[in-house]
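Worksheet for the structure shown next.
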């Protein structure tokens, strides 16, 4: 569940440049350069926290002397009013970094909270996995938040796994030719996943030797039939139309994996705030 700190720092530096530009006009006009302050990051609703390290890094980049004391751990269930971290140091740096730090913490905690909810509803019968439907520039940390919430990661990008979807199949002239072409063009270590929409597609994927078969937009009853037909010869993944209302039925159909794009593409941020207590001049 570790984040690549080198990559994370590059991401946050880019975000800070976008937000600050040539300088924080408001803070630099109002707050003296030597002012120091202390504050607390507080949850305003129940959930699962994720993103404390990115939040801390925002302030550390702006001023390495800022003290950031973590009072919770990523993956921890939190309640309304809980103090997640204490921050103290240069007031200008705290105020300048506040919005970005909270944006990241709120967004990632929203993803972790949503993931934990779906994992609970599925009853640990299937692994809940994410997709590539992530915010551009945030994929690494969004996928991190999914893991923090108890989920698993699907492929990171187009470069680390083969997923043959409907348009690939159309262009190749069928599932068999598509899988055969992928076998020829990819390393022997690469697993090949094929998206199918019906039982006929399941049979074609099995005949082609697919390693993973994605059951796309199938009703739970039809999924159960497909899982029985596959009979352990390939991993099974349910995808499309998964919600809180039907995820238990999907899991009980016997699939190994359930992919949910909504974990990252339309999640609600968790309400978290930074409350400053005082400002002093050195």
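In my numbering, the protein residues as written are 84 to 365.
For glycine and all other residues, C-beta sits at the position ideal for the given N, C-alpha and C.
Nearest to residue 304 by CA position, among 294, 338, 197, 87, is which residue?
In this structure, 338 is the residue among 294, 338, 197, 87 with its C-alpha nearest to the C-alpha of residue 304.
Spatial neighbours of residue 142 within its chain, please: C-beta separation below 8 Å, excluding the five flanking residues on both sides.
149, 151, 170, 172, 176, 177, 180, 184
Three-state secondary structure (DSSP) of residue 215
Note: residue 215 maps to coil in three-state DSSP.
Say whether the stretch 117-128 touches the stretch 352-360, bearing in mind that this needs 3 or more beta-carbon pairs closer than 8 Å, one atom from each stretch.
yes
So is residue 279 buried or exposed if we call it buried at 16+ other beta carbons inside 10 Å?
buried
The beta strand (DSSP E) spanning residue 151 covers which residue range?
Where residue 151 is concerned, the enclosing beta strand (DSSP E) stretches over 150-153.
Using the three-state DSSP reduction, which class does residue 272 fall into: helix, strand or coil?
Coil at residue 272, not helix or strand.
Would you be able to state if there are at least three C-beta pairs under 8 Å between the stretch 205-221 and the stretch 133-141?
no
Are residue 275 and residue 249 touching if we call contact CB-CB under 7 Å?
no
Could you check whether residue 231 and residue 157 sit closer than 7 Å to each other, using their CB atoms as the reference points?
yes
Assign residue 301 to buried or exposed, taking buried as 16 or more other Cβ atoms, counted over all protein chains shown, within 10 Å of its Cβ.
buried
Roughly how far, in whole angstroms, is the beta-carbon of residue 313 from the beta-carbon of residue 296, given that I think they are within contact range, below 8 Å?
6 Å
Cutoff 7 Å; reference residue 192; Cβ partners in own chain excluding five residues on either side:
130, 131, 132, 133, 134, 353, 355
For the beta strand (DSSP E) that residue 165 lies in, which residues bound it at each end?
In the DSSP assignment, residue 165 falls outside any beta strand (DSSP E), carrying neither H nor E.
List the DSSP bridge partners of residue 364.
Partner(s): 118.
So for residue 293, helix, strand or coil by DSSP?
The answer is coil: DSSP assigns residue 293 none of H, G, I, E or B.
Here's the rule I'm using: 16 or more other beta-carbon atoms within 10 Å means buried, otherwise exposed. How should residue 364 be labelled?
exposed
C-alpha distance - residue 362 paired with residue 116, whole-angstrom precision
12 Å
Residue 346 and residue 206 look like a contact to me (Cβ under 8 Å); what is the Cβ gap, rounded to whole Å?
Rounded to the nearest angstrom, the Cβ distance from residue 346 to residue 206 is 17 Å, too far for a contact under 8 Å.
Return the bridge partner residues of residue 178 from the DSSP annotation.
Answer is none; residue 178 lacks a bridge partner.
So, for residue 198: in the same chain, excluding its five sequence neighbours on each side, which residues have a beta-carbon less than 7 Å away from its beta-carbon?
211, 229, 232, 233, 234, 346
Please name the residue, chosen from 291, 225, 86, 174, that lies closest to residue 114 on a Cα-to-Cα basis.
174
Count the other C-beta atoms from every protein chain shown that fall within 10 angstroms of the C-beta of residue 349, then say buried if there are 16 or more, exposed otherwise.
exposed
Distance check for residue 334 and residue 202, CA to CA, integer angstroms please.
Rounded to the nearest whole angstrom, the CA to CA distance from residue 202 to residue 334 is 10 Å.
Alpha carbons only, please: which of 288, 243, 270 is nearest the one belonging to residue 260?
288
Check whether residue 214 and residue 190 have beta carbons under 7 Å apart:
For the 7 Å CB-CB criterion, residue 214 and residue 190 do not form a contact.
Local conformation of residue 99 per DSSP, three classes:
helix
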